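First up is the structure itself, then whatever we jot down about it.
Numbering (the numbering used here), first residue to last: 690 to 1073.
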């Protein structure tokens, strides 16, 4: 067998085992498993021990992991819940998207980054990881409070806005800048969204119901993985949007079928046992803390501050206008503060597209780690 394949087998074996051990330790410490997996990548990667480095094969597996994670996010998106969350969540989401985006773009532009990179940094600051907040609120018995429901709804809206902006930035950045593309790219995007949703509503339920009758093992799982990958390919190749947008739409469409529970269980198993650990650890391995020197140290500090202020103020003030007390508004703002899977996915896509440079990528990972660590501590204090 090829030596490269042999080396890859060892690398994957070590990553899978180390990631789960690190994730378990992280959960024991009251933090999400993803934090441990990121830390494991940092430790075994070039930043600290230098045991492993990412290569093209590992990056390819990690990119499939990104796509499958976004498919799961799509399946877990309840569009009915968006209609039910009401005015407060919509206002909190709008403020929590606009202020971090403005602060991220403004800071990056001031430090000399181009418009595409500045916008991507703003999008990363927009993202909200509700998983750590939901876990903390469940432990405190506060998930179904008005603050808890507002956070869940607003986080979902924020992530959808972020994915749309990401697709626009990648579409324009990866195409040739011309007057024609100013019209062609939005047109291709619009056609893709309309066709993918129409075919998803009309074709996917019929296709799944027909194919599941074939007497072959795991035909449902194979078909949904195929749909996920096809939608991802079509998104970038035909629609000029990010691959993850296609996976997200496919997830929403499959999530609306009668097969949702079965698909979600099986998809979750294959993604979180193999693809997701490789993705999260590889993100840690790609992070190079040693590149953060000089002005980047100040930039990192300001980005972390902007990430915190952007959510606490951006979500808190609209919540107060909607009738929440100061403390309730503060809880909403802090609950929206942590960044996680979606922010990591945006960073990964931006890096692989060549829009985000490695030093800025490392800054973003540090920001994600700090906000994720701080959120549960502050929430527990505010709910005392």
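All C-beta atoms, glycine included, are put in the ideal place defined by N, C-alpha and C. All values derive from a computational prediction rather than experimental measurement.
Is residue 949 near the ligand MG, with its Cβ less than 8 Å from a heavy atom? This structure simply doesn't include the ligand MG, nor any ligand for that matter.
Grouping DSSP H, G and I as helix and E and B as strand, with all else coil, what is residue 976? coil
Out of 881, 930 and 946, point me to the one whose CA is closest to residue 909's CA. 946
What distance in whole Å lies between the Cβ atoms of residue 1026 and residue 682, which are believed to be in contact at a cut-off of 8 Å? Only positions 690 to 1073 of the chain appear in the structure, and residue 682 is not among them; the question remains open.
CA nearest to the CA of residue 956, picked from 841, 915 and 930: 915
Got a sec? Which residues, its chain only, sit under 6 Å from residue 829 by beta carbon, not counting five neighbours each side? 1072
Answer with buried or exposed for residue 720, where buried requires no fewer than 16 other C-beta atoms within 10 angstroms of its C-beta. buried
Looking at C-beta atoms only, is the number of pairs between the region 1007–1016 and the region 1033–1047 that lie closer than 8 Å three or more? no
Short of 8 Å in beta carbon distance, which residues of its chain neighbour residue 897, apart from the five on each side in sequence? Order them along the chain. 909, 912, 913, 943, 946 and 948
List in chain order: all unbroken alpha helix (DSSP H) runs of 4+ residues lying wholly within the region 888–960. 893–900, 908–926, 932–944 and 949–959
Are residue 743 and residue 975 close, meaning C-beta to C-beta below 9 Å? yes
Do you know whose CA, among 1049, 693, 708 and 695, lies nearest residue 967's CA? 708
Per-residue DSSP class, three states only, for residue 1046: coil
DSSP state of residue 741, grouped into three classes? coil
Tell me the rounded alpha-carbon separation between residue 832 and residue 1020. 12 Å
The alpha helix (DSSP H) enclosing residue 982, as first and last residue numbers: Here residue 982 belongs to no alpha helix (DSSP H), and DSSP marks it neither H nor E.
Would you identify the three-state DSSP class for residue 1056, choosing helix, strand or coil? helix
Taking the CB atoms as reference points, tell me whether residue 812 and residue 878 lie closer together than 9 Å. no
Given a cut-off of 9 Å, decide if residue 835 and residue 1013 are closer than it, judged by their beta-carbon atoms. yes
Close beta carbons around residue 740, own chain, < 6 Å, minus the five adjacent residues each side: 733
Residue 735 by DSSP, collapsed to three states: which one? coil
At the level of alpha carbons, what is the spacing between residue 940 and residue 754? 14 Å
Please name the residue in 730, 1066 and 823 whose C-alpha comes closest to that of residue 1054. 730
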